[in-house]
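This note's numbering numbers the first residue of the sequence shown as 14 and each following residue consecutively.
Scroll down for the structure; my scribbles are underneath it.
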Amino acid sequence: LLIPSVRRKRLLDPQLGVGYVALKSFTNATPAEFDEALEGLRQRGMKGLVLDLRGNNGGVLSAAVELAQRFLEEGVITSTEGRGVPHVERADAEFTPYRDLPLVVLVDGSSASASEILAGALQDHRVAVLVGEPTYGKGVVQTISRYPQERAIAKVTTSYYYTPTHRSLERG
Numbered sequence: 014l015l016i017p018s019v020r021r022k023r024l025l026d027p028q029l030g031v032g033y034v035a036l037k038s039f040t041n042a043t044p045a046e047f048d049e050a051l052e053g054l055r056q057r058g059m060k061g062l063v064l065d066l067r068g069n070n071g072g073v074l075s076a077a078v079e080l081a082q083r084f085l086e087e088g089v090i091t092s093t094e095g096r097g098v099p100h101v102e103r104a105d106a107e108f109t110p111y112r113d114l115p116l117v118v119l120v121d122g123s124s125a126s127a128s129e130i131l132a133g134a135l136q137d138h139r140v141a142v143l144v145g146e147p148t149y150g151k152g153v154v155q156t157i158s159r160y161p162q163e164r165a166i167a168k169v170t171t172s173y174y175y176t177p178t179h180r181s182l183e184r185g
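This is the structure in structure tokens:
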């Protein structure tokens, strides 16, 4: 059973055209769910969006990168740096259907990981205003190694996430 990541969607103010979408997690299905929600709201007159990431503890990083891509025409979305070669995710102007949509992002202390990456990218590129509390601060990439013979699992921090302006997401 796949639990939808888009938990709520509605038009907050039909006269002003303010839409609202709450994302509770990031899964492989999130980008398609998000697009479906926004297209439905646009058909009902949405002219601006409140994206609620409060309580979103993250999930699939590529889903957060895909959502950022929908608003950003160019530039860095996120980068990871550690002992290995740094990795940079960049925006591509090919698919940015919401680049001109006024955007407010709600965050709180439970907004973590992929939700922090999305919020940070939107904030650093000045396409969204963040409102709320400081986020959780999970700015690490962790690799899980399994050792079946010892019946053990090890979770090792292998690198750190950074926003486009190279702010660390790790709470220090």
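Even glycine gets a Cβ: it sits at the ideal position worked out from N, Cα and C.
Bear in mind the structure is a predicted one, so any value in this text is a computation, not a measurement.
Boundaries of the alpha helix (DSSP H) in which Leu80 is found, first to last residue: That run of the alpha helix (DSSP H) goes Leu74 to Gln82.
Residue nearest to Val78 in terms of C-alpha spacing, selected from Leu15, Gly58, Tyr174 and Glu163: For the residues Leu15, Gly58, Tyr174 and Glu163, the minimum Cα distance to Val78 belongs to Tyr174.
Buried versus exposed call for Asp113 [16 or more other C-beta atoms within 10 Å across all chains shown]: Exposed.
Cut-off 6 angstroms between Cβ atoms - residues of its own chain near Thr176, not counting five sequence neighbours on either side: So the qualifying residues of the chain are Gly133 and Asp137.
At least 3 beta-carbon pairs within less than 8 angstroms: the region 21-29 vs the region 46-60: Two segments are said to touch when three or more pairs of C-beta atoms, one from each, lie closer than 8 angstroms; by this definition the region 21-29 touches the region 46-60.
C-beta atoms of Leu143 and Tyr111 nearer than 9 angstroms: Cβ atoms of Leu143 and Tyr111: not closer than 9 angstroms.
For Tyr33: DSSP bridge partner residues: DSSP, once it has assigned bridges, lists Arg23 and Val63 as partnering Tyr33.
Coil, strand or helix - Phe108 by DSSP: The answer is coil: DSSP assigns Phe108 none of H, G, I, E or B.
Euclidean distance between Cα positions of Arg159 and Ala165: In a straight line, the C-alpha of Arg159 is about 6 angstroms away from that of Ala165.
Endpoints, the beta strand (DSSP E) within which Gln155 is located: For Gln155, the uninterrupted beta strand (DSSP E) segment begins and ends at Val153 to Tyr160.
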